[in-house]
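Participant: Provided herewith is a single structure, encoded as structure tokens, for subsequent inquiry.
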Amino acid sequence: GEDFVLQIDSHMRFRRGWDAYLIHLLETIEQTEGCGKVVLSTYPLGYHLPNQVPEDTRPTILMPSRVDENGFLRQEGKVLELHLATDASDTATPLSPPVPTPAPRYLRSALWAAGFSFSRGALLCEV
138 GEDFVLQIDS HMRFRRGWDA YLIHLLETIE QTEGCGKVVL STYPLGYHLP NQVPEDTRPT
198 ILMPSRVDEN GFLRQEGKVL ELHLATDASD TATPLSPPVP TPAPRYLRSA LWAAGFSFSR
258 GALLCEV
């Protein structure tokens with residue numbers, strides 16, 4: 138019966154207005170993608186107490202890392218790096234240098250991170 142569901146692990150910190158931010162991001166992606174079954178999930182960056190919060194705002198994504206001795210897929214979080222893209226404007230030439238482009242704000246992912254997950258509450262009934 139809840140509108141939204143949030144799952145986190147013990148190494149999370151909240152920023153002011155986190156709930157409104159997540160709801161806005163979820164609704165934006167739903168509208169952009171034309172899909173009502175969006176799950177926001179990431180591998181959270183660590184921090185050191187009391188207030189050493191990383192300034193790095195690049196997104197992380199969960200990636201397969203290996204299959205363990207029991208046959209289970211192990212995963213690890215990777216920070217998305219800036220990638221180089223060629224400027225596609227009318228002024229670009231074949232000799233234009235690559236331009237650093239920020240990583241996208243969100244990506245589709247085949248894996249789900251239990252350390253942080255936010256979605257509509259209805260997904261709990263369907264999954």
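Taking the numbering used here, I'd label the letters of the sequence shown as residues 138 to 264. For glycine and all other residues, C-beta sits at the position ideal for the given N, C-alpha and C. Nothing here was measured: the structure is a model prediction, and the numbers come from that model.
#1: Which residues does DSSP pair with Phe141 in a beta bridge?
#2: I need the boundaries of the beta strand (DSSP E) containing Thr197, first residue and last residue.
#3: Taking DSSP as the reference, what is the three-state secondary structure of Leu210?
#4: Are the beta-carbon atoms of Pro181 and Phe255 separated by less than 8 angstroms?
#5: Using only alpha-carbon positions, find the residue among Arg152, Val216, Arg203 and Gly154 that is nearest to Pro196.
Facilitator: According to the structure shown:
#1: Translated into the one-based positions of the sequence shown, residue 141 becomes position 4. The partner list for Phe141 (beta bridge, DSSP) reads Arg257.
#2: Along the sequence shown, one-based indexing puts residue 197 at 60. The continuous beta strand (DSSP E) containing Thr197 extends over residues Thr197 to Val204.
#3: Sequence index remark: in the sequence shown, residue 210 carries index 73 (1-based). Strand at Leu210.
#4: Counting from one through the sequence shown, the residue named residue 181 turns up at place 44. Counting from one through the sequence shown, the residue named residue 255 turns up at place 118. Contact flag unset, no.
#5: By 1-based counting over the sequence shown, the position of residue 196 is 59. For Pro196, the nearest C-alpha among the options comes from Val216.
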